[in-house]
Ligand code: SF4
């Protein structure tokens, strides 16, 4: 079992000939992921690392099953790329591109909802199920990626792509390992929040506990706390909240675009309080996370 | 990016939202003159954007004679290292009923949302004490705004007759403006119903989505925003401006944000969540960061090189800590190349200047080889973020 | 000028295949190759060499290019 992806999951990369896309395309292939095509307008007919490049998404979906797409096109083209993928019938969409205004992100989510597609991101690194499928750029080259992500029992959701790997690395070093890790994105409007995704972990028999990484800004933690209270979840949750120093610096944005303390609900102190009240354990340091997980799952 | 209120009101005026009579004064004398033209009680608002100034930046005076003294005082307030951008002098209408509106994005629903209350104030602050007085409606960023949404909102505020129609026009106008100008937040903290039955907007707070500043350039030009005016809560320092220039000149990777603090540990740290976690960790171990310079999105060697030079030449900084979470798309080897190149170009030995290099992850084997060649110890992934920060703090003394 | 990478080009190999020089110019994600003065040849853009991402696309295209890591 796994969340969202599976062993036969086949996907494409939109913007495959860019500097970053080349990097992670090669890495995913080395990891064993099935990338069946790439799209860069004007470069149709080429190949990168054996993956055929097309001008349009439909050229691929017309002849093959495409389960997902990773979008890493430049900012100005990102909404268009998402609409193209959704209209071509792709259901799992990851947007890695950073800096998409929230109006555009919101419009993309609404369009995806109307067509039964799911959006992860923007401004995220995607999904990995260790040793099964890597759908995105989590973990770097396959050799480095395998060091940070070993199969195990903990589901991970993180607003920071980098911290997804950091936390999974800590879980792997501790021997607990990772069931599925999802970098959900750091923007104020993202396609899938903790509360949207946690039912998937709930349904995943490999997952025994969930770790979330959070930071200042937004309502996602309050929403997760509410979900946890309202649903009698079998999953213990351990959270880490970064950016505590920002409580002293209202109005300044650090880290991601969504990371700012303007409202009360934005503040790390408020998030920690709400989550603790909902029975979520809050770790003081990344290094404390594995111990807390073990305590909670009685292992 | 916060608009000054007078700018926000220019946007509202363009959308034909009814406003009270107002004008910007640049001197106390001008303020007095405007006040006497308006006549009667006026409100003076220092045009400031730093947080927490709301009370300090506003004075109500009952006659124009008192306006000059109040304006003198207001022009002296400190707006995060800036002077106020003039004084907005406004008529103070009285009316029987007062409302407030707030437009923002709801991260849970992932849609724009408008909230309304039948009392004055910022809806966010009202929400805790008076949840029963607030009504909400989501709308779409994909489809054009439709007036019935505003009508339903007005109806749920229990408005009827002409009030309903007038409020519908205001809410629709604001919703369209909110979308058209890529606002992230728009708070109308008071709308008053005048004796003649018309509504007027009194107080406005508006923020532009920072990521939309390029495509909103025509509107910003019209308002007179200079290109590098990002409306931070405090005036950016030369160090911060130079960091922003380095970032803007090379699209490969991102250095953002960059902020100057007054500590002694120069930081070149991984962006996003890693930078937050690392800054917390340095402070927890008693360290004083000299800066915040988060570098991510797989920066080019050149970007890392220029950032290293900027941080290392900051007065009071002798050594830098190069730290990051386990990286995925940012490459440890490219960061190592850039950092070493920057230090070498300044004429220093990398081993003398790097407190710690903790960038595990993508291409770490190459990074380790590069560092070894220059005699710098490489910390691998078994050294936790907290431990790396502790070592850096200890070394800097 | 480059401290970490050296890119060696053997134009006598590259000019033998038509279109290869152009392909090298296009394939490198950090613009290390530019068209040489003679037809079907390339020149190395020295100030970009340290940006090499070691993506190997140039070497996959031809034996006429060698990318050398100066740190090992
Ligand atoms: S390895 Fe890649 S980056 Fe380096 S020179 Fe060749 S094509 Fe360019």
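Protein chains in written order, with the numbering used here: chain A, 1 to 299; chain B, 1001 to 1397; chain C, 2001 to 2072.
Where is the CB? At the ideal position from N, CA and C, for every residue including glycine.
Cα-Cα separation between residue i and residue j, rounded to whole angstroms
i                       : j                       : result
residue 199 of chain A  : residue 281 of chain A  : 19 Å
residue 1036 of chain B : residue 1188 of chain B : 26 Å
residue 1279 of chain B : residue 1109 of chain B : 31 Å
residue 213 of chain A  : residue 241 of chain A  : 6 Å
residue 1264 of chain B : residue 1096 of chain B : 57 Å
residue 2055 of chain C : residue 1298 of chain B : 14 Å
residue 129 of chain A  : residue 10 of chain A   : 14 Å
residue 51 of chain A   : residue 38 of chain A   : 7 Å
residue 1050 of chain B : residue 1081 of chain B : 9 Å
residue 1314 of chain B : residue 1269 of chain B : 16 Å
residue 2069 of chain C : residue 217 of chain A  : 43 Å
residue 1323 of chain B : residue 122 of chain A  : 25 Å
residue 1119 of chain B : residue 1168 of chain B : 17 Å
residue 2021 of chain C : residue 1234 of chain B : 52 Å
residue 287 of chain A  : residue 1054 of chain B : 41 Å
residue 65 of chain A   : residue 172 of chain A  : 33 Å
residue 252 of chain A  : residue 260 of chain A  : 6 Å
residue 1066 of chain B : residue 250 of chain A  : 33 Å
residue 1395 of chain B : residue 1283 of chain B : 14 Å
residue 32 of chain A   : residue 6 of chain A    : 12 Å
residue 2038 of chain C : residue 2006 of chain C : 22 Å
residue 292 of chain A  : residue 283 of chain A  : 7 Å
residue 43 of chain A   : residue 55 of chain A   : 6 Å
residue 61 of chain A   : residue 89 of chain A   : 8 Å
Any non-hydrogen atom of the ligand SF4 closer than 8 Å to residue i Cβ
i                       : result
residue 2008 of chain C : no
residue 2062 of chain C : no
residue 2051 of chain C : yes
residue 2005 of chain C : yes
residue 2029 of chain C : yes
residue 1247 of chain B : no
residue 2055 of chain C : yes
residue 2033 of chain C : yes
residue 2059 of chain C : yes
residue 2042 of chain C : no
residue 2065 of chain C : yes
Residues of its chain near residue i, where Cβ-Cβ distance is below 6 Å and the 5 sequence neighbours each way are ignored
i                       : result
residue 102 of chain A  : 188 and 189
residue 1367 of chain B : 1332, 1333 and 1336
residue 1375 of chain B : 1351
residue 141 of chain A  : 27
residue 1220 of chain B : none
residue 185 of chain A  : 121, 122, 123 and 124
Residue i burial status per 10 Å Cβ neighbour count (16 or more: buried)
i                       : result
residue 1143 of chain B : exposed
residue 1070 of chain B : buried
residue 246 of chain A  : buried
residue 1382 of chain B : exposed
residue 137 of chain A  : buried
residue 266 of chain A  : buried
residue 1389 of chain B : buried
residue 1303 of chain B : buried
residue 206 of chain A  : buried
residue 277 of chain A  : exposed
residue 2016 of chain C : exposed
residue 231 of chain A  : exposed
residue 274 of chain A  : buried
Neighbourhood of residue i by C-beta distance below 7 Å, restricted to the same chain and skipping five residues each side
i                       : result
residue 1391 of chain B : 1356
residue 1127 of chain B : 1134
residue 1088 of chain B : 1005, 1006, 1022, 1024, 1045 and 1047
residue 1274 of chain B : 1324 and 1325
residue 82 of chain A   : 71, 93, 95 and 108
residue 1296 of chain B : 1253, 1254, 1270, 1271, 1272 and 1330
residue 106 of chain A  : 189
residue 1223 of chain B : 1007 and 1010
Neighbourhood of residue i by C-beta, 8 Å cutoff - its chain only, sequence neighbours within 5 removed
i                       : result
residue 2059 of chain C : 2065, 2066 and 2067
residue 23 of chain A   : 137
residue 264 of chain A  : 270
Practice problem: Select from the region 1309–1341 of chain B all residues with a C-beta closer than 7 Å to any C-beta belonging to chain C, and list them in chain order. | Solution: 1337 and 1341
Exercise. With 8 Å as the C-beta to C-beta threshold (strictly closer), list the residues of the region 2031–2059 of chain C near chain B in chain order.
Key: Those residues of the region 2031–2059 of chain C that come within reach of chain B (Cβ to Cβ, closer than 8 Å) are 2050, 2051, 2053 and 2054.
Quiz item: Which residues, in order along the region 18–44 of chain A, keep a beta-carbon less than 8 Å from a beta-carbon of chain C?
Solution: 18, 19, 22, 23 and 26
Practice problem: Output, in sequence order along the chain, the residues in the region 1357–1386 of chain B whose CB is closer than 7 Å to any CB in chain C. | Solution: For the region 1357–1386 of chain B, which is checked against every Cβ of chain C, the residues closer than 7 Å are 1369, 1370 and 1373.
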